[in-house]
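Chemist: When we follow this note's numbering, the leftmost residue of the sequence shown carries the number 604, and every step to the right adds one.
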Amino acid sequence: MAACKPAISDQRPGKLIFLARRNTRRAYNEEQVFGILQPYGFKKVYFENLNFADQVRTAHAAEVLAGPTGAAWTNLLFCRPGAKALCWMACENGEFAAYSTIAHEAGVNMKFLQYEAGFETTEELYSHRYQIDETRIYEGLQALQIGVSE
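1) Counting only the same chain and skipping the five closest in sequence on each side, list residues whose C-beta sits under 6 Å from that of G743.
2) Mind checking who W691 pairs with in its DSSP beta bridge?
3) Where do the ends of the alpha helix (DSSP H) carrying L744 lie?
4) Report yes if the CB atom of F645 is closer than 9 Å to the CB atom of L619, and no otherwise.
5) Within 10 Å of its beta-carbon, does T661 have 16 or more other beta-carbons around it, so buried, or fewer, so exposed?
6) For Y733, which of A706, I749 and C694 has the nearest alpha-carbon?
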């Protein structure tokens, strides 16, 4: 983490980041979900298009991260303690603890929304298109107290 210090020293928290995806793997109703999150102040970020230093800066500046399960969640390592995270994943993934473990170690309050994909193999699970229910997104925001006046 010390090597990352120059990349994060001037960043202030406050950004609400939507983990957008450009690839077609695990395609879903992304625009509909972003339409729910955008009025709260979320901005789309394509972590796969950022260099490492920019990934560190972006994650460190984030107050909240929201998005589907995927490699971008490893950036939880660089979040500030007290940040919040909302991740959705297929219940068929089971007790996938990698991201929640990183969140715990980083001091990030992470919530998961699970959806039923209806597939049995990993290949099917990773290549299918799915719909995340809008009400689940609102429930996740409420669970993290996003948009609640303090």
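C-beta: ideal position from N, C-alpha, C; glycine also. This structure is a prediction, so every number in the text was calculated from the model and none was measured.
Modeler: According to the structure data:
1) L689, K714 and L716
2) DSSP lists P671 and L716 as partners of W691.
3) E737 to A746
4) yes
5) So T661 counts as buried.
6) Per the C-alpha coordinates, the member of A706, I749 and C694 positioned closest to Y733 is C694.
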